[in-house]
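Engineer: Under our numbering, residues 7 to 135 are what the sequence shown spells out, in order.
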Amino acid sequence: MINDVMIFLKDHLSAHLPDSSSAVPKVVFVQRSGAAETIGFSAETIVPLLINVEEDKAWQTPDRYSRLGADGRREKIHPDLCLGLSVLFVAHFSVYETALEYLSLTVRHFQQFRAFESGGSLPALPAGI
C-alpha cells in the first residue's frame with residue numbers, strides 16, 4: 007500500500023512538471039549504486055524519499071475493533087489503519103537555481119493538490135487508499 011502511494015505521488019508530480027513530455031523523467035526514485043551501503047541520485051531529477059510513517063490517530067473511532075451490525079449486535083472488525091507519510095523531495099540539478107526552481111514547483115504542486123481521494127477525478131490513485 008505504501009509503495010502504491012509513493013508511485014502515485016511520483017507519477018502525479020512528474021506529469022505536472024515542465025518538460026514532463028521528455029524521454030527522461032523529472033521525478034524518479036533513488037537508485038542503488040554498486041555497493042549496498044551507497045545510494046545515488048540521478049542527475050537533473052527530483053527524488054522523493056519516504057522519511058517517516060506514523061499512525062494518524064485523529065481518524066480513530068473510540069472502539070476501533072467493533073461496530074454495530076445491521077441487526078444491532080456488536081461485531082468484531084479489523085479497523086482501518088490511517089497513516090501519515092512524511093516525504094522529502096530532493097532536487098538534484100547541476101545548476102543550483104534550477105534545483106530551487108523545481109523545489110518551488112514541487113511545493114506549488116502540493117499546494118494546488120492538497121488532498122488526493124481514490125476514485126472519481128483521480129483514477130490513478132489505487133482503491134483502498
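All residues carry an ideal CB built from backbone N, CA and C; glycine is no exception.
1) Pick out whichever of Y102, L111, F119 has its Cα sitting closest to the Cα of D25.
2) Just checking my contact of V33 with I52 at CB under 8 Å: how many whole Å lie between their CB atoms?
3) Between the segment 102-111 and the segment 73-90, do at least 3 Cβ pairs fall closer than 8 Å?
4) Rounded C-beta distance between V59 and L91? I'm assuming under 8 Å.
5) Using only the alpha-carbon positions, how far apart do H115 and K63 sit?
6) Verify whether the separation of the beta carbon atoms of L109 and F95 is less than 8 Å.
7) Under the rule that 16 or more other beta-carbon atoms within 10 Å means buried, what is P54, buried or exposed?
8) So which of H84, R120, E50, S72 has the shortest CA-CA distance to A97?
9) Could you tell me which residues DSSP puts in a beta bridge with S72?
10) Classify L87 as buried or exposed, calling it buried when 16 or more other Cβ atoms lie within 10 Å of its own Cβ.
Structural biologist: The structure says:
1) Here the question's residue 25 lines up with position 19 in the sequence shown. The shortest C-alpha to C-alpha distance from D25 to any of Y102, L111, F119 is the one to L111.
2) The sequence position of residue 33 within the sequence shown is 27, counting from 1. The sequence position of residue 52 within the sequence shown is 46, counting from 1. Contact between V33 and I52 is confirmed by a C-beta separation of about 5 Å, below the 8 Å threshold.
3) Short answer: they don't touch.
4) What you label residue 59 is simply residue 53 of the sequence shown in a count that begins at 1. What you label residue 91 is simply residue 85 of the sequence shown in a count that begins at 1. With 8 Å as the limit, V59 and L91 qualify as a contact, their Cβ atoms being about 6 Å apart.
5) Walking along the sequence shown from the start, residue 115 turns up at place 109. Walking along the sequence shown from the start, residue 63 turns up at place 57. Rounded to whole angstroms, the separation of the alpha carbons of K63 and H115 is 27 Å.
6) As a position in the sequence shown, residue 109 is number 103, starting the count at 1. As a position in the sequence shown, residue 95 is number 89, starting the count at 1. Their beta carbons are under 8 Å apart, which means L109 touches F95 by this criterion.
7) Your numbering for residue 54 matches position 48 in the sequence shown. Its Cβ being crowded by 16 or more others within 10 Å, P54 is buried.
8) For the purposes of this step, residue 97 is identified with residue 91 of the sequence shown, where counting begins at 1. Looking at the Cα atoms, E50 is the closest of the given residues.
9) Taking the first residue of the sequence shown as position 1, residue 72 is located at position 66. Bridge partners of S72: K82.
10) Taking the sequence shown and counting its residues from 1, the one referred to as residue 87 is at position 81. L87 counts as exposed, since fewer than 16 other C-beta atoms from the protein chains shown sit within 10 angstroms of its C-beta.
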